[in-house]
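Let me begin by presenting the structure, written as C-alpha cells, before commenting on it.
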Amino acid sequence: MENNDLIEKLTKRNNLSDDELKSILETNKYDESLRINADKIRREIYGDKVFVRGLIEFSNYCKNNCYYCGIRRDNKNTIRYRLTKEQILNCCDEGYNLGFRTFVLQSGEDLFYTDEVICDIISEIRNKYQECAITLSIGEKSKKSYQSYFEAGANRYLLRHETSSQEHYSKLHPREMSLENRKKCLFNLKEIGYQVGSGFMVGSPFQTTENIIEDLRFLQELKPDMIGIGPYITHKETPFANSNNGSVELTLRLLSILRLLFPKVLLPSTTALGTLHPQGRELGLKAGANVLMPNLSPVDVRKKYNIYDNKICTGEEAAQCRNCLERRVLSAGYKIVTDRGDVKK
Ligand code: SAH
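Take any residue in the sequence shown, count from 1 to its spot, add 134: that is its number in this note's numbering.
Pasting the structure below:
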C-alpha cells in the first residue's frame, strides 16, 4: 500500500501491521497529511486546549546508572541537590498562582526520600490543593510503596518503559536493572488506580524501527492515559557521549501516529523536543500533542537536573516561562487552559 493509503487506514482506526507501520516510520518524506489527520482527531477530542503541568524536579540524586542519563550515579561532575518539603510547597504555591492545576514531582531514584517522607509531602500538597492533580515520577518502587503514595493523595504516575525490547533494554541499562520489573511496575500502578503515563526516547542509541514498533505494541497492551516521548539527547558525561541525538522529524511523526493510535491519550510536547528545535514544542502540538510540562523548580537548581545537554528553560523564573509558553501556544493555534487536564474517558 502507498503511504497515503496507510495514513488513511491508521486514521480510520484500522490496526496497521508491523510492516505497514515500518513503512510509515521509515519514509523519508515529511507527511503533512499524517500531521493534519492527527491534529483533526486531537481537535475533535480536546479542541484547541493545551493542558499544562508544573514540573518540580526535586532531587537529582540517583541510585541508578542508566547509560543515557546525565544524572546517573557515576556522573561525578554533577552537583547534586535535594529540595525540602518547604521548597517543594513553595513551588506549588507559585505554580497554583500561575494557573497550574497539576504538579509533577520528578526526581532521580533517591532513597533519601523514604516512603514516609514522600507520603508526608504528598499529603501536604493534597490538603492544601484539593482540586489539583498530583503526579509522581520517581522511578521503580514496590507495589506497597505505590499504594501508600496513592493513599496519601497522588493521582498519576509517569514511568517511561524506555524501550520494550529486552535486547535493546540491556544496551541502555546496566545488568542490575530489568525491563521485566519496569513493566511490572507499570501494571501495578494501573491496578492501584493511578492514571499512568509511559513512553520512550526516540533515537536512543541502538534503537531500530523494529524496537519502536515493539514500543507501540507494548503501549497498545498497557493502554496508558499518558504517553511521553521525546528525542534522545546526548549528555557528554555518560557512556553514550559520542552518540547522535534523536531526530525531531521522527519524533513529530511518532506523535502523530500516537494520536491516531490512541485518540484520547494525553500527549506532552516535551522539553527535549524544544531543546533540539527552536519551535520544537509548537511543532509537537501541531503534530497531535496536547500537554506541556514547564519547569517550576527553583531557578538555582534547574541547570543541575541535567539529564541531557543544553536543556532549555533553565534560566527563567516560572512566571516568565509561563508567559513565554502562552505566546508560543497561541502562535501554534492553541490555548493554554487552567484545568487539571484529566484524560477524556
Ligand atoms: N527517575 C525517574 C525520572 C527519570 S527522568 C524515572 O526513572 O522514571 C525522566 C525521563 O527522561 C526518563 O524516563 C528518560 O526517558 C528521559 N531521559 C533521560 N535521559 C535522557 C536523554 N539523555 N535524552 C532524552 N531523554 C532522556
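For glycine and all other residues, C-beta sits at the position ideal for the given N, C-alpha and C.
Cβ of residue i within 7 Å of any heavy atom in ligand 1?
| i | result |
| --- | --- |
| residue 421 | no |
| residue 293 | yes |
| residue 364 | yes |
| residue 271 | yes |
| residue 222 | no |
| residue 411 | no |
| residue 203 | yes |
| residue 213 | no |
| residue 307 | no |
| residue 406 | yes |
| residue 341 | no |
| residue 335 | yes |
| residue 442 | yes |
| residue 367 | yes |
| residue 240 | yes |
| residue 296 | yes |
| residue 310 | no |
| residue 243 | yes |
In whole angstroms, what separates the C-alpha of residue i from that of residue j?
| i | j | result |
| --- | --- | --- |
| residue 370 | residue 378 | 11 Å |
| residue 356 | residue 446 | 31 Å |
| residue 175 | residue 296 | 26 Å |
| residue 393 | residue 219 | 37 Å |
| residue 204 | residue 441 | 4 Å |
| residue 135 | residue 372 | 42 Å |
| residue 143 | residue 177 | 19 Å |
| residue 259 | residue 268 | 8 Å |
| residue 479 | residue 400 | 11 Å |
| residue 208 | residue 214 | 12 Å |
| residue 138 | residue 319 | 38 Å |
| residue 282 | residue 275 | 11 Å |
| residue 162 | residue 168 | 13 Å |
| residue 335 | residue 252 | 27 Å |
| residue 423 | residue 223 | 29 Å |
| residue 184 | residue 426 | 7 Å |
| residue 265 | residue 342 | 42 Å |
| residue 349 | residue 147 | 18 Å |
| residue 206 | residue 196 | 6 Å |
| residue 368 | residue 201 | 10 Å |
| residue 327 | residue 288 | 10 Å |
| residue 385 | residue 418 | 8 Å |
| residue 431 | residue 239 | 10 Å |
| residue 241 | residue 456 | 22 Å |
| residue 182 | residue 333 | 23 Å |
| residue 347 | residue 158 | 11 Å |
| residue 150 | residue 280 | 35 Å |
| residue 450 | residue 433 | 7 Å |
| residue 461 | residue 454 | 11 Å |
| residue 243 | residue 438 | 15 Å |
If I'm right that residue i touches residue j with Cβ under 8 Å, what's the distance once you round it to whole angstroms?
| i | j | result |
| --- | --- | --- |
| residue 406 | residue 229 | About 21 Å; that fails the 8 Å criterion. |
| residue 234 | residue 190 | At roughly 10 Å, the Cβ-Cβ gap does not stay under 8 Å, so residue 234 and residue 190 are not in contact. |
| residue 362 | residue 409 | Wrong, their Cβ atoms sit about 15 Å apart, outside the cutoff. |
| residue 186 | residue 428 | 6 Å |
| residue 116 | residue 173 | With the chain covering 135 to 479 only, the question about residue 116 has no answer from this structure. |
| residue 308 | residue 211 | Rounded, the Cβ-Cβ distance is 19 Å, inconsistent with contact. |
| residue 293 | residue 271 | 7 Å |
| residue 257 | residue 306 | 35 Å between Cβ atoms; not a contact. |
| residue 471 | residue 329 | Contact doesn't hold; Cβ gap of about 18 Å is too wide. |
| residue 331 | residue 358 | 6 Å |
| residue 180 | residue 383 | The Cβ separation is near 24 Å, so there is no contact. |
| residue 226 | residue 263 | 7 Å |
Return no unless some Cβ of chain C is closer than 8 Å to the Cβ of residue i.
| i | result |
| --- | --- |
| residue 211 | The question asks about chain C, but that chain is absent: this structure has only one protein chain. |
Quick one: is the Cβ of residue i within less than 7 Å of any heavy atom of ligand 2?
| i | result |
| --- | --- |
| residue 406 | With respect to ligand 2, the structure shown offers nothing to examine, as its ligands consist of ligand 1. |
Subject >> Segments of 4+ residues assigned as alpha helix (DSSP H) that fall wholly inside the region 331–373 >> reply: With a minimum length of 4 residues, the unbroken runs of alpha helix (DSSP H) contained wholly in the region 331–373 fall at 343–356.
Subject >> Ordered list of beta strand (DSSP E) runs contained in the region 220–293, each at least 3 residues >> reply: Complete beta strand (DSSP E) runs here, min 3: 236–241, 267–271 and 290–292.
Subject >> Complete runs of the beta strand (DSSP E) confined to the region 155–227 [at least 3 residues] >> reply: The region 155–227 contains these whole beta strand (DSSP E) runs: 183–186 and 188–193.
Subject >> In chain order, each alpha helix (DSSP H) run of at least 4 residues that lies wholly inside the region 384–430 >> reply: For the alpha helix (DSSP H) assignment, the uninterrupted runs of no fewer than 4 residues enclosed by the region 384–430 are, from N- to C-terminal side, 405–410 and 414–420.
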